Amino acid sequence: MTDTPAFDRKMLEALVCPQTQGRLEYDATRQELISHTAHLAYPIRDGIPIMLADEAREID
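In my numbering, the protein residues as written are 38 to 97.
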């Protein structure tokens with residue numbers, strides 16, 4: 038059995054969008070951190086947020 042490590046929601050309080058320095062929203066379903074201001078979704082892999090613009094997905 039392989040379990041994906043959970044994202045620590047307390048970490049969300051310390052993280053900001055690297056593009057805008059704005060707040061992020063946690064999307065548990067997609068395992069992403071959303072920056073509505075930058076229109077980017079940063080992936081969370083193995084419980085670790087990947088805060089690189091090159092790795093982010095563009096959103097509307």
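All residues carry an ideal CB built from backbone N, CA and C; glycine is no exception.
Note that the structure is predicted; figures quoted are calculated from it, not measured.
Pick from the options: whose alpha carbon is nearest that of residue i?
i, options, result
"THR66", "PRO55, ARG82, ALA51", "ARG82"
"LEU49", "ASP91, GLU92, PRO86", "PRO86"
"PRO55", "GLU92, GLU95, MET88", "MET88"
"LYS47", "GLN58, THR57, TYR63", "TYR63"
Return the chain-ordered list of same chain residues with a C-beta closer than 8 Å to the C-beta of residue i, the five sequence neighbours on each side being excluded.
i, result
"GLY84", "THR41, PRO42, ALA43, PHE44, ASP45"
"THR57", "SER72, THR74, ALA75"
"ASP97", "HIS76"
Secondary structure at residue i, three-state DSSP: helix, strand or coil?
i, result
"ALA78", "strand"
"ASP64", "strand"
"LEU49", "helix"
Can you give me the Cβ contacts of residue i inside the same chain, cut-off strictly under 7 Å, excluding the 5 residues immediately before and after it?
i, result
"ARG60", "VAL53"
In its own chain, which residues sit with a C-beta less than 6 Å from the C-beta of residue i, not counting the 5 before and 5 after it?
i, result
"ARG94", "ALA78"
Who pairs with residue i in a beta bridge, going by DSSP?
i, result
"LEU70", "TYR63, TYR79"
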